[in-house]
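In full-length UniProt numbering, the protein residues as written are 1 to 766.
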């Protein structure tokens with residue numbers, strides 16, 4: 001029997017804390033994947049979907065952007081992938097009476113977990129100005145209401161159009177085309193909040209903001225350095241690739257403030273060793289870095305590499321590569337020549353011996369991959385830190401050859417593809433020229449708002465209309481209170497969604513929810529069944545085909561929703577055949593092939609079972625589209641993070657049963673948390689210094705100059721082996737602590753990994 005959604009919103013009264021686990025996956029991973037799937041979807045639906053996920057004739061997993069191997073296992077999914085499918089493909093639907101029973105205010109008071117458990121959305125609903133309930137409306141009425149609001153703006157820049165990384169390439173291309181045909185470049189997206197720092201640093205230094213490795217480079221590496229990343233929870237299938245590398249002789253260095261189970265030991269449930277054996281030891285060295293210390297660590301390692309070259313000239317650096325393909329080495333030398341050891345140790349929390357070991361492992365390896373995620377990108381000096389990664393790789397020629405390279409790991413399944421298709425507030429002029437030539441209109445050239453600046457624009461009243469193609473912006477962005485107030489100040493908000501989330505309870509004066517099919521579902525249009533395409537974290541583009549019937553025949557695809565909204569809004573203002581896009585997605589791909597660089601002959605390439613890999617100068621030919629025409633060493637200076645007495649640095653993290661703002665359950669198995677999320681992880685000695693103990697209820701207050709404190713009240717302190725002086729709490733609950741003005745230099749990404757906080761006994765106990 002398929003379970004029913006919960007009536008009551010659970011709290012933390014029954015929370016259990018058992019402590020850190022020292023291995024990941026294994027048989028428990030299988031059980032935790034299959035039990036929810038069978039309970040929510042039944043045997044037949046579960047079998048059909050889980051045997052199709054990540055297969056060449058199936059659908060792409062929506063839980064992460066990790067690439068697929070050429071030869072795929074019959075069960076080519078992980079625990080979290082199974083949970084993502086279960087969450088989307090549940091046959092439970094939101095009944096029509098739900099909207100009369102629950103006010104918008106009521107929805108805003110519910111947790112993300114409760115909202116997601118209510119089931120799939122099946123019909124458009126509208127909240128009129130002055131009302132506190134959504135009511136069902138027809139699709140025609142919904143499009144007319146949105147079009148009226150858009151056409152009633154004083155100018156197009158009063159609208160902003162957000163996108164999450166779940167949108168397909170086809171939907172993203174049509175969406176950005178509609179937005180630019182409407183007349184604005186206000187295209188904030190989830191990449192602004194995650195890997196914008198990566199793109200900023202890599203484009204400047206090597207000319208492209210994407211991974212320089214392929215899937216098959218991982219098992220060829222001698223050394224893999226994993227920084228600010230938790231693959232065991234955020235992209236578990238990566239563990240299988242890391243295991244292959246380990247069995248081939250690779251070493252792994254893990255750099256993280258928190259010990260993570262997946263980087264301690266991995267029990268692969270697809271082999272005997274992982275089910276009944278000890279599994280595979282993963283990290284050979286664990287550098288428990290203090291928050292914000294990654295850049296100084298990399299500089300200290302670079303200093304040691306240059307010293308080794310000076311001690312044995314011509315034997316350490318890749319001089320041929322450096323002379324032929326790079327510039328700026330002497331500036332790099334000067335920038336690390338006078339590093340202060342005491343300052344490095346204070347910033348990193350690491351000993352000289354630990355840094356020496358890191359450098360020795362790097363120097364001993366012929367093929368090095370450095371991989372990272374939001375643990376690096378969401379810092380004030382994130383861009384400089386990622387430039388130091390590039391510096392380290394360039395010194396010994398670890399870009400543009402097998403088994404080596406830079407590997408930023410994207411979280412959302414198609415956030416990289418969305419950017420390739422034009423979802424960016426400042427696309428280059430060449431892309432705009434391509435749109436103009438292909439579609440016969442002049443797109444706007446002024447750069448638009450990113451995510452943080454879009455909130456500021458709403459605060460000023462400069463943005464009056466907000467649309468989200470997927471995602472849950474109000475829970476994803478920093479400074480929750482500021483973001484909610486900004487959205488509530490708009491005239492209309494429009495959300496294209498599969499299920500309820502908090503953004504549906506935080507609306508403009510008027511609001512629409514437009515329900516869409518999921519990636520698991522068959523997409524039928526006038527020309528027949530459609531497929532869509534996505535781009536994974538290593539630039540591979542391939543098809544994705546839904547395998548089950550939509551949960552309701554009232555749903556539209558994202559492409560259909562955007563195409564119909566464009567027709568309702570623009571009419572015949574632009575010479576674009578929106579109806580043709582909806583009828584046959586091949587029409588969209590034909591245009592993509594003529595507009596998007598690297599996508600020539602797109603339809604033929606993506607109909608191949610393996611898809612194709614986008615061209616990449618740095619990876620393919622060691623050519624670098626930078627200001628100098630070469631890969632650029634850079635000189636960077638890191639300012640120490642100074643804390644007043646009694647303060648800690650806090651980072652936001654996901655739980656294991658979570659994907660972005662979607663909460664699958666209220667458990668975090670690997671960190672030993674069950675039935676709760678209102679917790680803050682703190683080193684036992686840091687708790688003791690504050691007169692606190694494990695299990696105490698505390699208030700967590702963040703500090704920002706000239707602004708009132710932001711406070712989380714009544715959280716449970718959990719003694720945890722994090723780095724001294726550091727703390728962690730779950731995203732999105734802790735987003736309230738991240739000031740809107742606290743952003744990374746150059747990329748404007750929210751600084752969610754280094755929030756200055758006080759932790760004190762809860763006010764109710766004082």
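A virtual CB, placed ideally from N, CA and C, is assigned to each residue, including glycine.
Exposed or buried, which one is residue i when buried takes at least 16 other CB atoms within 10 Å?
i	result
residue 1	Model confidence at residue 1 stands at a pLDDT of 43, short of 50, so the residue's coordinates are unreliable and nothing is read from them.
residue 236	buried
residue 433	exposed
residue 713	exposed
residue 504	buried
residue 546	buried
residue 18	exposed
residue 655	buried
residue 63	buried
residue 230	buried
residue 769	The displayed coordinates of the chain run from 1 to 766. Any statement about residue 769 would go beyond what the structure contains.
residue 437	exposed
residue 751	buried
residue 257	buried
Please tell me whether residue i and residue j are closer than 8 angstroms, where the distance is taken between their beta carbons.
i	j	result
residue 551	residue 96	no
residue 275	residue 26	yes
residue 544	residue 559	no
residue 187	residue 576	no
residue 368	residue 393	yes
residue 65	residue 536	yes
residue 250	residue 221	yes
residue 183	residue 444	yes
residue 335	residue 627	no
residue 502	residue 472	yes
residue 756	residue 720	no
residue 477	residue 514	no
residue 349	residue 290	yes
residue 718	residue 679	yes
residue 542	residue 164	no
residue 205	residue 390	yes
residue 53	residue 675	no
residue 525	residue 582	yes
residue 287	residue 316	no
residue 592	residue 169	yes
residue 638	residue 630	no
residue 578	residue 160	no
residue 191	residue 415	yes
DSSP has residue i in a bridge; who is on the other side?
i	result
residue 120	93 and 499
residue 678	Per DSSP, none; premise fails for residue 678.
residue 53	59
Residue i by DSSP, collapsed to three states: which one?
i	result
residue 134	coil
residue 616	coil
residue 458	helix
residue 424	coil
residue 287	strand
residue 549	coil
residue 280	strand
residue 581	helix
residue 1	With a pLDDT of 43 at residue 1, under the threshold of 50, the predicted position of this residue should be treated as unreliable, and no value is reported.
residue 524	strand
residue 668	strand
residue 190	helix
residue 748	coil
residue 206	helix
residue 161	strand
residue 699	strand
Between residue i and residue j, how many whole angstroms is the CB-CB distance? I'm expecting something under 8 angstroms.
i	j	result
residue 10	residue 92	That pair is no contact at about 17 angstroms.
residue 619	residue 212	4 angstroms
residue 285	residue 253	5 angstroms
residue 677	residue 733	6 angstroms
residue 116	residue 662	6 angstroms
residue 727	residue 759	7 angstroms
residue 245	residue 520	No, residue 245 and residue 520 are not in contact; Cβ-Cβ is about 31 angstroms, not under 8 angstroms.
residue 50	residue 37	7 angstroms
residue 380	residue 754	7 angstroms
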